[in-house]
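Accompanying notes for the structure given below.
Protein chains: 2
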Amino acid sequence: MFKKKIIIIEDQEDLRESFEVIINGSDKFFVQSTYPNAEKALREISKVRPDIAMVDLELPGMNGIEAIKHIKEKSPKTECVIVTVYEDSDLVFEGLKAGAVGYIIKNANYLEIISALDELVRGGSPMSSQIARMVIQNFHINPNSPLSSRETDVLKLIAEGKSYTQISEELFISKETARSHIKNIYVKLNVNSKSEAISKARKDHLI
Amino acid sequence: MFKKKIIIIEDQEDLRESFEVIINGSDKFFVQSTYPNAEKALREISKVRPDIAMVDLELPGMNGIEAIKHIKEKSPKTECVIVTVYEDSDLVFEGLKAGAVGYIIKNANYLEIISALDELVRGGSPMSSQIARMVIQNFHINPNSPLSSRETDVLKLIAEGKSYTQISEELFISKETARSHIKNIYVKLNVNSKSEAISKARKDHLI
DNA sequence: TAAAATTCACCCTTTTTGAGGGATTGAATT
DNA sequence: AATTCAATCCCTCAAAAAGGGTGAATTTTA
Numbered sequence: 001m002f003k004k005k006i007i008i009i010e011d012q013e014d015l016r017e018s019f020e021v022i023i024n025g026s027d028k029f030f031v032q033s034t035y036p037n038a039e040k041a042l043r044e045i046s047k048v049r050p051d052i053a054m055v056d057l058e059l060p061g062m063n064g065i066e067a068i069k070h071i072k073e074k075s076p077k078t079e080c081v082i083v084t085v086y087e088d089s090d091l092v093f094e095g096l097k098a099g100a101v102g103y104i105i106k107n108a109n110y111l112e113i114i115s116a117l118d119e120l121v122r123g124g125s126p127m128s129s130q131i132a133r134m135v136i137q138n139f140h141i142n143p144n145s146p147l148s149s150r151e152t153d154v155l156k157l158i159a160e161g162k163s164y165t166q167i168s169e170e171l172f173i174s175k176e177t178a179r180s181h182i183k184n185i186y187v188k189l190n191v192n193s194k195s196e197a198i199s200k201a202r203k204d205h206l207i
Numbered sequence: 001m002f003k004k005k006i007i008i009i010e011d012q013e014d015l016r017e018s019f020e021v022i023i024n025g026s027d028k029f030f031v032q033s034t035y036p037n038a039e040k041a042l043r044e045i046s047k048v049r050p051d052i053a054m055v056d057l058e059l060p061g062m063n064g065i066e067a068i069k070h071i072k073e074k075s076p077k078t079e080c081v082i083v084t085v086y087e088d089s090d091l092v093f094e095g096l097k098a099g100a101v102g103y104i105i106k107n108a109n110y111l112e113i114i115s116a117l118d119e120l121v122r123g124g125s126p127m128s129s130q131i132a133r134m135v136i137q138n139f140h141i142n143p144n145s146p147l148s149s150r151e152t153d154v155l156k157l158i159a160e161g162k163s164y165t166q167i168s169e170e171l172f173i174s175k176e177t178a179r180s181h182i183k184n185i186y187v188k189l190n191v192n193s194k195s196e197a198i199s200k201a202r203k204d205h206l207i
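Here it is as structure tokens:
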């Protein structure tokens with residue numbers, strides 16, 4: 001088994017060093033290099049290609065969210081872990097959306113850090129259940145939808161880019177019926193085009 | 001503080017009863033009623049309106065996934081928890097997508113069950129880090145996209161239902177350029193319409 | 001330097017869209 | 001019993017959009 005190559009992007013020197021010591025003390029991981037900001041890390045990421053990047057969310061210059069996006073662009077196989085003081089914040093959620101697969105709390109102890117990294121390489125995502133809830137709620141549909149179930153069916157197909165004709169074929173109704181539903185959807189959502197309907201539907205989690 | 005009202009939908013009588021005993025032994029929860037299948041539960045759900053529904057995934061008749069969907073329709077405020085033997089499966093993931101907010105393993109002990117329910121009422125989602133990974137990977141984009149960044153920009157707008165003209169306006173390019181990009185997208189994705197492009201893009205997490 | 005990405009133009013035909021109308025049936029609620 | 005709502009279907013019309021083909025200039029990047 002090869003040790004997993006890790007880089008650390010963290011502006012606080014003490015933290016950077018304590019993480020390094022802890023990780024280098026393990027038998028599964030080693031720290032390849034550390035960076036005080038995202039810019040310096042991004043300059044080398046393509047050559048270094050680490051297995052794991054630990055990214056602080058609050059960095060001078062480019063913030064952690066943007067850093068994660070760039071890392072995933074330049075080195076897609078690198079798994080990003082958020083390092084944060086705030087256990088449960090929207091910021092962590094943004095980081096996960098940007099491409100991170102989990103996060104580590106700044107004041108975590110040796111065991112917590114190593115076990116989080118362990119979970120990671122075993123294909124898991126270390127995160128609190130609060131964050132997990134935020135994540136899954138993102139693809140739960142809104143139970144207070146103003147639309148009828150048939151209208152929701154139609155809207156889903158609209159969101160897949162289907163035309164009136166295609167929708168009518170998939171739902172075994174006439175094209176005119178599909179158009180009727182769509183007109184009613186427009187009235188209920190207060191929009192007047194497919195694209196507006198899709199935007200509103202996604203924003204309000206109607207589909 | 002009122003105790004949280006729970007219903008259990010589980011076909012195995014022994015499990016149903018042991019869950020009931022465990023939960024009724026806690027000071028924060030009580031079992032209002034139990035059901036051996038989804039159909040019977042759904043007949044009463046609108047009147048009972050439990051705070052929490054514990055739903056087995058493998059039920060005779062209607063399965064747990066469908067049951068969860070129906071529960072969320074009829075009683076949106078009821079939080080569904082999956083009860084399953086398989087800790088990490090696509091089935092659990094499907095249940096979460098259907099509207100569940102977490103899951104409990106069938107052979108969990110008293111403490112695990114109560115702490116999972118506790119996490120739930122505190123706004124968390126009890127789940128393993130393996131499941132968490134599956135969940136977040138659902139909104140990570142594919143780093144091996146065949147599309148250029150500009151093409152991806154265009155595709156995102158297509159997925160919002162935008163027309164050639166709207167796309168050109170939003171990206172400050174001419175309509176013909178937008179068409180060019182779209183034609184190239186069609187070739188790269190091997191499709192020949194907007195709807196096909198959207199389907200493929202979503203399936204492959206290109207957007 | 002060569003390849004890829006980004007930009008734009010003009011040809012063409014067919015389909016779709018959105019805005020107006022209106023109508024019927026059946027189920028659920030009051 | 002009355003009424004509302006969902007779901008189904010039909011019509012017209014003009015404007016917009018879509019999709020296919022072909023070619024080419026410019027910039028960026030590997």
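First to last, the protein sequences are chains R and V. Be aware that the first sequence starts at 1, since it is given in the UniProt record's numbering, and climbs by one per residue. Be aware that the second sequence starts at 1, since it is given in the UniProt record's numbering, and climbs by one per residue. All C-beta atoms in this analysis are idealised placements derived from N, C-alpha and C, irrespective of residue type, glycine included.
Under the Cβ distance rule, Ala132/R counts among the residues neighbouring chain V, one pair being separated by less than 8 Å. With its beta carbon less than 8 Å from one in chain R, Val135/V belongs to the interface.
Under a criterion of Cβ atoms nearer than 7 Å, no residue of chain R is adjacent to Met54/V; the nearest Cβ is some 17 Å distant.
Take Lys74/R, set aside five residues on each side of it, and the residues of its chain with a beta-carbon closer than 8 Å to its own are Leu42, Ile45 and Ser46, in chain order. Cβ contact annotation for Phe29/V (same chain, cutoff 7 Å, sequence separation greater than five): Lys3, Lys4, Ile6, Ile23 and Leu117, in chain order. A Cβ-Cβ distance of about 5 Å is found for the pair Lys188/V and Pro146/V, placing them in contact under the 8 Å criterion.
In the three-state reduction of the DSSP assignment, Thr78/V falls in the coil class, being assigned neither a helical nor a strand state. Counting along the chain, Ala53/R sits inside the beta strand (DSSP E) bounded by residues Ile52 to Asp56.
Under the Cβ criterion of 8 Å, Glu119/R is counted among the residues facing chain V. From the beta-carbon of Glu160/V, the residues of chain R found nearer than 7 Å are Ser195, Ile198 and Ser199. Distance between Ile185/V and Glu170/V, taken at the CA atoms: about 18 Å.
A straight-line Cα-Cα distance of about 10 Å links Glu151/R and Ser180/R.
Around Phe139/V, the beta-carbon contacts reaching into chain R at under 9 Å are Leu96, Lys97, Val135, Asn138 and Phe139. Of Lys97/V, Gly61/V, Ile114/V and Met134/V, the smallest CA-CA separation from Ala100/R is found for Met134/V.
Comparing C-alpha distances from Asn142/V to each of Ile65/V, Ala67/V and Leu206/V shows the shortest one belongs to Leu206/V. With respect to chain R, the C-beta atom of Val101/V has a partner C-beta closer than 8 Å. As the crow flies, the alpha-carbon of Leu155/R is around 16 Å from that of His140/R. Collapsing the DSSP output to three states places Tyr186/V in a helix.
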